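Worksheet for the structure shown next.
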Amino acid sequence: MANGIDKSNISDEMLLAYIDGVLAEPERTQLEQLIAASVVLRHRIEVMAGGSRAFAEAYELLLEQAPVAKLRGGLENALEAREAALRPEPSGPGWRYALAACLLVATFAGGLLTSHIVDIPGWSTVKPTQTAAKGWRQAVADYHALYTSETFAGAPDEPLKHIANLRRVSARVGLNVTFDKIVFKNLQFKGARILNFNGKPLLQLAYLRGSRPVALCIVKDAKPAQNVQNERRNNLNIAHWRGNGFGFMVIGDVPETELGTLAKQLRLRFS
Amino acid sequence: MASAEFKAVRDGLPELLQRLWRYGLVLSNDGNVAEDLVQATCVRALERCEQFQLDTRLDRWLFTILNSIWKNELRAQRVRQGQGFEDPETVLVFDGSQHVETNILATQVLTEVQALPEAQRETVFMVYVEGLTYKQAAEVLDVPVGTIMSRLATARTKLGELSREQKRRM
């Protein structure tokens, strides 16, 4: 036929459409006639049809693996951020950068932070107008993302040096943190200090897990108690909870299960 | 006062989170990255909710956003940081206790598809799992219809050849 299929050039795409049942007439009938007459075409169809799989069923199982609670938590965060972004911003757009500057000035007992500014990977950076909504956990995550194993290198490990300091700094958030509460077998304690979040004191206890920085951060938080929740920010795992008028979080580039265990132990010790 | 578009997006998101995560997993082969992609998609979708047309499909609109975040932002950044991509076999792990036979077969399908190049596997996923037409998949993935068909043909041929090889070995 004059305007029929060019039988010297039948594309894979046409065969695909035929196999998927979406090839329209009159091409469909024409193609079937050609297939009937051609071993080569039949072979091509056979190979492509052999590429069928129970795709939908296989991928259905993946749905069950989705971490629903975490995803909902993420949605909640997004809604809160949007809500707060639409409210008048109390501290002005330069707030985030002022906070970053304060944090960078803080020093470790016996060591100093590197003084140059490290660029946080672009896609998780939040615009200044949204920072009031970020909350303290995001601020901690942004700060923690700057850490390397060298950051803590100057800090001494002897516990005695830290104990007196610990009592003094933890009083600043209104907690009495004794050394036995924060000592762990596979975490090297590297010191405690007070940071400033939005004008309020934030207690940070720094550790090294092997070469990886892990931090426990505590702020006063009047919201009701909450069980340990997991989240991820800036490619770091976080476990956080609230109790007795305080908010707690542990953060680090360590497996989520390990962080969860640590969080549960801490929660018990601080309850 | 919240707009109708905002309400539609806000109210429709919760039940779509699992499918979004699954799509993120198909693209990145990494469950944690998939979580980040879903979160970023929620933020972007709420920011741009006024662009959503009521009475169109929310799921496809969200897939388009997630796809764009992966392609234009997160994927390039991960390559720059040298994080590369996970070996599909190590990422997809199932609790096979309940449906052993189904899971063995499913695992094989998932492994084969996830081993395809990203362009092919995202197309196979959109058309044969999410059930989009070639034209709808072209819109979500932001490529011409001809490209969709070409990717599917190549993927099916590749999978077809795998089947023949396996049969030969048995």
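Chains A and B, in that order, are what the protein sequence lines are. Going by our numbering, the first sequence opens with residue 1, and the numbers climb by one from there. Going by our numbering, the second sequence opens with residue 272, and the numbers climb by one from there. Ideal Cβ positions, reconstructed from N, Cα and C, are used throughout, including at glycine. Bear in mind that the values here come from a model prediction, so they are computed numbers and not experimental data.
CA-CA distance, residue i and residue j?
{"i": "B/Pro388", "j": "A/Glu231", "result": "30 Å"}
{"i": "B/Glu393", "j": "B/Leu433", "result": "19 Å"}
{"i": "B/Gln310", "j": "A/Tyr59", "result": "21 Å"}
{"i": "A/Gly282", "j": "B/Thr378", "result": "Look at the range of chain A in this structure, 1 to 271, and you will see that residue 282 of chain A is not part of it."}
{"i": "B/Ala408", "j": "A/Glu27", "result": "23 Å"}
{"i": "B/Leu329", "j": "A/Thr29", "result": "37 Å"}
{"i": "A/Ala189", "j": "B/Asn338", "result": "Before going on, a small fix: residue 189 of chain A reads as Phe here, not Ala. Rounded to whole angstroms, A/Phe189 to B/Asn338 spans 42 Å at the Cα level."}
{"i": "A/Leu205", "j": "A/His240", "result": "14 Å"}
{"i": "A/Ala263", "j": "A/Arg209", "result": "14 Å"}
{"i": "A/Thr178", "j": "A/Arg167", "result": "7 Å"}
{"i": "B/Leu296", "j": "B/Asp307", "result": "10 Å"}
{"i": "B/Gln324", "j": "A/Leu266", "result": "48 Å"}
{"i": "B/Arg435", "j": "A/Val47", "result": "8 Å"}
{"i": "A/Glu57", "j": "A/Leu63", "result": "10 Å"}
{"i": "A/Ala225", "j": "A/Ala49", "result": "57 Å"}
{"i": "B/Thr335", "j": "B/Val416", "result": "15 Å"}
{"i": "A/Leu259", "j": "A/Val250", "result": "7 Å"}
{"i": "B/Asn303", "j": "B/Val400", "result": "22 Å"}
{"i": "A/Lys7", "j": "A/Ile19", "result": "17 Å"}
{"i": "A/Ala36", "j": "B/Lys438", "result": "25 Å"}
{"i": "A/Glu25", "j": "B/Asp282", "result": "42 Å"}
{"i": "B/Thr312", "j": "B/Glu321", "result": "15 Å"}
{"i": "A/Leu216", "j": "A/Asn165", "result": "16 Å"}
{"i": "B/Pro285", "j": "B/Ala273", "result": "18 Å"}
{"i": "B/Ala275", "j": "B/Arg319", "result": "13 Å"}
{"i": "A/Val173", "j": "A/Asn227", "result": "21 Å"}
{"i": "B/Arg315", "j": "B/Asp326", "result": "20 Å"}
{"i": "A/Tyr147", "j": "A/Val254", "result": "14 Å"}
{"i": "A/Ala145", "j": "B/Asn374", "result": "38 Å"}
{"i": "A/Pro176", "j": "A/Thr257", "result": "Looking at the sequence provided, one finds Asn at residue 176 of chain A rather than Pro. When rounded, the distance between both Cα atoms is 28 Å."}
With respect to the beta strand (DSSP E) encompassing residue i, which residues constitute its N-terminal and C-terminal limits?
{"i": "A/Gln229", "result": "226 to 233"}
{"i": "A/Tyr207", "result": "200 to 209"}
{"i": "A/Gly243", "result": "236 to 243"}
{"i": "A/Lys220", "result": "212 to 220"}
{"i": "A/Val250", "result": "246 to 252"}
{"i": "A/Ala145", "result": "Taken as a continuous stretch (DSSP letters only), A/Ala145 belongs to no beta strand (DSSP E), as it is neither H nor E."}
{"i": "A/Gln188", "result": "188 to 197"}
Which stretch, first to last residue, makes up the alpha helix (DSSP H) that contains residue i?
{"i": "B/Gly302", "result": "302 to 318"}
{"i": "B/Ala424", "result": "416 to 440"}
{"i": "B/Trp332", "result": "329 to 340"}
{"i": "A/Arg53", "result": "Here A/Arg53 belongs to no alpha helix (DSSP H), and DSSP marks it neither H nor E."}
{"i": "B/Leu296", "result": "288 to 299"}
{"i": "B/Phe277", "result": "275 to 283"}
{"i": "A/Ala263", "result": "256 to 269"}
{"i": "B/Val400", "result": "Where B/Val400 is concerned, there is no enclosing alpha helix (DSSP H), given that its DSSP letter is neither H nor E."}
{"i": "A/Lys181", "result": "179 to 182"}
{"i": "B/Ala390", "result": "389 to 395"}
With 8 Å set as the bound, which would you pick, yes or no: does the beta-carbon of residue i sit closer than that to a beta-carbon of chain E?
{"i": "B/Gly431", "result": "Included in the structure are the protein chains A and B, with no chain E among them."}
Measure the beta-carbon distance from residue i to residue j and round it to whole angstroms, keeping in mind my assumption that it falls under 8 Å.
{"i": "A/Phe82", "j": "B/Leu317", "result": "According to the sequence provided, residue 82 of chain A is Arg. The question's Phe does not apply to it. 5 Å between Cβ atoms; contact."}
{"i": "A/Val219", "j": "A/Phe246", "result": "7 Å"}
{"i": "A/Ala78", "j": "B/Gln289", "result": "Contact doesn't hold; Cβ gap of about 16 Å is too wide."}
{"i": "A/Leu192", "j": "A/Ser170", "result": "Going by the sequence as given, residue 192 of chain A is Ala instead of Leu. Their Cβ separation, rounded to whole angstroms, is 7 Å, which keeps A/Ala192 and A/Ser170 in contact under 8 Å."}
{"i": "A/Gly252", "j": "A/Asn237", "result": "7 Å"}
{"i": "B/Leu403", "j": "B/Val414", "result": "B/Leu403 to B/Val414, Cβ: 13 Å. No contact."}
{"i": "A/Ala54", "j": "B/Leu376", "result": "7 Å"}
{"i": "B/Met420", "j": "A/Glu32", "result": "Not confirmed; about 19 Å, so no contact."}
{"i": "A/Lys181", "j": "A/Phe270", "result": "7 Å"}
{"i": "B/Gln391", "j": "B/Thr425", "result": "6 Å"}
{"i": "B/Trp341", "j": "B/Leu298", "result": "5 Å"}
{"i": "A/Leu34", "j": "A/Leu41", "result": "6 Å"}
{"i": "A/Leu187", "j": "A/Leu195", "result": "Contact doesn't hold; Cβ gap of about 20 Å is too wide."}
{"i": "A/Ala141", "j": "A/Arg242", "result": "Not really, about 17 Å apart at Cβ, beyond 8 Å."}
{"i": "A/Gly135", "j": "B/Arg427", "result": "At roughly 48 Å, the Cβ-Cβ gap does not stay under 8 Å, so A/Gly135 and B/Arg427 are not in contact."}
{"i": "B/Gly398", "j": "B/Leu381", "result": "For the sequence presented, residue 398 of chain B should be read as Val rather than Gly. Not a contact, Cβ separation roughly 16 Å."}
{"i": "A/Ile45", "j": "A/Leu15", "result": "6 Å"}
Regarding residue i and the ligand SAM, is the C-beta to nearest heavy atom distance less than 7 Å?
{"i": "A/Val183", "result": "The ligand SAM is not part of the structure shown, which contains no ligands of any sort."}
Output needed in chain order: residues of the stretch 281 to 297 of chain B with a Cβ under 9 Å from some Cβ in chain A. Arg281, Leu284, Pro285, Leu288, Gln289, Arg290, Leu291, Trp292, Arg293, Leu296, Val297
Residues, ordered as in the chain, of the stretch 395 to 418 of chain B that lie near chain A by beta-carbon distance below 9 Å: Val395, Phe396, Val398, Tyr399, Val400, Glu401, Gly402, Thr404, Tyr405, Gly417
List, from N- to C-terminal side, the alpha helix (DSSP H) runs of 4 residues or more that fit wholly inside the stretch 9 to 68 of chain A. 12 to 19, 27 to 37, 39 to 49, 55 to 65
Taking only beta carbons into account, state which residues of the stretch 25 to 39 of chain A come closer than 7 Å to chain B, listed in chain order. none
Could you list the residues in the stretch 227 to 241 of chain A with a C-beta less than 7 Å from some C-beta on chain B, going in chain order? Arg232
At a CB distance below 9 Å, what residues from the stretch 53 to 68 of chain A approach chain B? Give them in sequence order. Arg53, Ala54, Phe55, Ala56, Glu57, Ala58, Tyr59, Glu60, Leu61, Leu62, Leu63, Glu64, Gln65, Ala66, Pro67, Val68
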